[in-house]
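For the sequence shown, the positions run -25 to -1, 1 to 340 when mature numbering (1 follows the signal peptide of the UniProt record, and there is no 0) is used. Ideal Cβ positions, reconstructed from N, Cα and C, are used throughout, including at glycine. What follows is one structure encoded as structure tokens, with my remarks underneath.
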Amino acid sequence: MSLQVRSTGRLSWALGLLVALGATACGGDVSEAPSTSDAGGDSAGSDLSASLSGAGASFPAPLYQRWFSEYNKENSGVQVSYQSVGSGAGVEQYLSGTVDFGASDAPIKDEERAKFTEQYPEGPVQVPMTSGSVVFAFNLPGVEELKLSREDYCGIVTGKIKTWDDPAITKANPDATLPSQPISWVHRSDGSGTTFLFTTHIEAACSDWPAGSGKSVEWPVGTGAKGNEGITAQIQQTEGAIGYVEYAYAKENGLPAAAIENKSGNIIAPTPESAALVFQGETVPDDFALVVPDPENPDAYPIAGLTWLLLYPKYEDANKAKALKAVMDWSLTDGQKFAEELGYIPLEADLIERVKERISYLGEG
């Protein structure tokens, strides 16, 4: 195993690898963005007037809320409210029809699809809007860089490694002064797409992981917190804490994130560049439900995934359908620059065109 943290080069080069997602497929205090904003009115969407509500994943919430806020600066006829309640609750609200769109970091499951088709003549519509990585954020005063081998992070999440000065961790970090302090593992307490992405990788990487994968699992150790926001706050408030959050939350709140060992045995720091390599050579299916549990690329940071909006095939209110299409179209074009700014991975042009084509078929009235 190499203990050198690999550099993955320029962001523009790495993000270009996401062409494969579209081209090959057709076969402290936590800083938060405002949850409600106005959208739709002074430029291309100036004739629109509608109120939209959505709920779901906290993973992309900073980006979604930024999109709605920025769109509001150009338009004023459409109100968009997004509740960061977690993928589990978001899917439930979507299936019950109490929101105009849901959001999830886990693809729709077969049983959820079946429940949807009991109520609607067509199947659910899930489309990716961005992608990002899940990182091990930590709070160790005096330690800004941390390397974790697979033995290390598997041991932390199973509870087999209990203190920061465990020989396995100190071996990977010979230049760090690690305290003789208990490790405080923080995990999600709610149904979570971030948990789905994280445990899907852990199940693939850790042979002794007992809890399987999903939006909710029975954690063998640790303290629960609600949302990426809750885990971030818990880590900030607890010396010796470590937990999993979407990269943007660690970046926004100044939390360091560990470099971890990938499938090839290389220790890789979490960056948008290294996370983009997860998708190299992968094919996105027609329903966009791509999941990569443990990427083969030797330079890839190994925990990253797409995140989806969940839409209805037809909206009885034509104004809502038109407004939703306008907001999504803007987010997929002008709004993509904010994805990179916040630490997400912008979708490549070919995949964006596939998504735009799919949403163009949403029924109106």
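Open item on the list: Mapping the DSSP letters down to three states, classify residue 344 as helix, strand or coil.
Closed with: The requested residue 344 is not part of the displayed model; the chain covers only -25 to 340.
Open item on the list: Just to confirm before moving on: does the CB-CB distance between A186 and D269 stay below 7 Å?
Closed with: It is not a contact, given that the beta carbons lie outside the stated cut-off.
Open item on the list: If distances are taken between C-alpha atoms only, which option among D127, S159, K122, S167 comes closest to P149?
Closed with: Selection D127, S159, K122, S167 evaluated against P149 yields K122 as nearest (Cα-Cα).
Task: Through-space distance from D292 to Y276, alpha-carbon basis - done: When rounded, the distance between both Cα atoms is 43 Å.
- [ ] Examine the Cβ distances between the region 33 to 49 and the region 301 to 308 and report whether three or more of them are shorter than 8 Å.
- [x] Three or more Cβ pairs drawn from the region 33 to 49 and the region 301 to 308 lie within less than 8 Å of each other, which places the two stretches in contact.
Task: Beta-carbon proximity of L337 to M104, cut-off 7 Å - done: Going by C-beta atoms, L337 is not nearer than 7 Å to M104.
Task: Rounded C-alpha distance that separates E323 from V100 - done: Cα to Cα, the separation comes out at about 20 Å.
Task: Unbroken beta strand (DSSP E) run spanning W283, endpoints - done: 279 to 286 is the extent of the beta strand (DSSP E) around W283.
- [ ] Give the single residue among R125, A208, T133 whose Cα lies nearest to the Cα of residue 343.
- [x] Outside the displayed span of the chain (-25 to 340) sits residue 343, for which this structure offers no information.
Task: Same chain only: Cβ atoms within 6 Å of V69, ignoring 5 sequence neighbours per side - done: A small fix is needed here, since residue 69 is Tyr in this sequence, not Val. Exclusion of the five residues before and after Y69 leaves G77, L285 as the residues of its chain whose Cβ lies within less than 6 Å of its Cβ.
Task: Check whether S167 and T175 have beta carbons under 7 Å apart - done: No. Outside cutoff.
Open item on the list: When you compare the CB positions of E315 and P321, do they come within less than 7 Å of one another, or not?
Closed with: In this structure, P321 lies closer than 7 Å to E315 by Cβ.
- [ ] Would you check if the distance between the CB atom of E221 and the CB atom of G107 is smaller than 7 Å?
- [x] Closer than 7 Å, so yes.
Task: Continuous beta strand (DSSP E) stretch holding Y219: start and end - done: According to the DSSP assignment, Y219 belongs to the beta strand (DSSP E) that extends over 216 to 221.
TODO: Report the three-state DSSP secondary structure of Y95 (helix, strand or coil).
DONE: It is coil, neither helix nor strand.
TODO: Could you say which of G31, K137, L23, A112 lies nearest to T246 if we only look at CA atoms?
DONE: Taking T246 as reference, the option from G31, K137, L23, A112 with the minimal CA-CA separation is A112.
- [ ] Pull up the DSSP beta-bridge partners for E236, would you.
- [x] Paired residue(s): I242.
Open item on the list: Can you give me the C-alpha to C-alpha distance between E178 and D274, rounded to a whole angstrom?
Closed with: In this structure, the CA atom of E178 is about 21 Å from the CA atom of D274.
- [ ] Tell me G31's beta-bridge partners as DSSP assigns them.
- [x] According to DSSP, which records beta bridges pairwise, G31 is partnered with S59, A78.
Task: Classification of K312 by the beta-carbon crowding that lies within 10 angstroms, buried from 16 upward - done: Classification of K312: exposed, given that the 10 Å Cβ count is below 16.
- [ ] Please report how far the alpha carbon of V196 lies from the alpha carbon of S182, in whole angstroms.
- [x] Rounded to whole angstroms, V196 to S182 spans 17 Å at the Cα level.
TODO: Could you spell out where the beta strand (DSSP E) holding G189 opens and where it closes?
DONE: Here G189 belongs to no beta strand (DSSP E), and DSSP marks it neither H nor E.
Open item on the list: Among the candidates G134, T169, T145, whose CA atom is the shortest distance from the CA of I158?
Closed with: Of G134, T169, T145, the residue nearest in Cα terms is G134.
Task: Nearest residue (CA-CA) to D262, options E119, V102, K297, G31 - done: Checked all of E119, V102, K297, G31; the closest Cα to D262 is V102.
- [ ] Would you be able to state if there are at least three C-beta pairs under 8 Å between the region 249 to 266 and the region 71 to 89?
- [x] Counting Cβ pairs under 8 Å, three or more are found: they touch.
Task: Per-residue DSSP class, three states only, for A291 - done: Per the sequence shown, the amino acid found at residue 291 is Glu instead of Ala. Note: E291 maps to coil in three-state DSSP.
Task: Proximal residues to residue 384 (C-beta, below 6 Å), its chain only, five neighbours per side dropped - done: Absent from the structure is residue 384, since the part of the chain shown begins at -25 and ends at 340.
TODO: Using the Cα positions of E93 and G29, report the straight-line distance between them to the nearest angstrom.
DONE: Rounded to the nearest whole angstrom, the CA to CA distance from E93 to G29 is 22 Å.
Task: Exposed unless 16 or more other CB atoms sit within 10 angstroms - verdict on T308 - done: With fewer than 16 other Cβ atoms within 10 Å, it is exposed.
- [ ] In the DSSP assignment, find the unbroken alpha helix (DSSP H) run with G130 in it and report its ends.
- [x] The continuous alpha helix (DSSP H) containing G130 extends over residues 125 to 133.
TODO: Quick one: residues in its chain with C-beta nearer than 7 Å to the C-beta of K137, no 5 flanking neighbours on either side, listed in chain order?
DONE: Closer than 7 Å at the Cβ level, and outside the excluded window around K137, lie P157, I158.
Open item on the list: Within 7 Å of any Cβ in chain D, is that where the Cβ of A147 sits?
Closed with: Although the question refers to chain D, the structure presented lacks it and comprises just one protein chain.
TODO: Compute the distance between the beta-carbons of A200 and Q209, then report whether it is under 7 Å.
DONE: With respect to Q209, A200 sits close: the two C-beta atoms are nearer than 7 Å.
TODO: Kindly indicate the opening and closing residues of the beta strand (DSSP E) around W160.
DONE: From DSSP, the beta strand (DSSP E) with W160 extends over 159 to 163.
Task: Closest by C-alpha distance to I235, when choosing among A36, A147, I334, A89 - done: Ranking A36, A147, I334, A89 by Cα distance to I235 puts A147 first.
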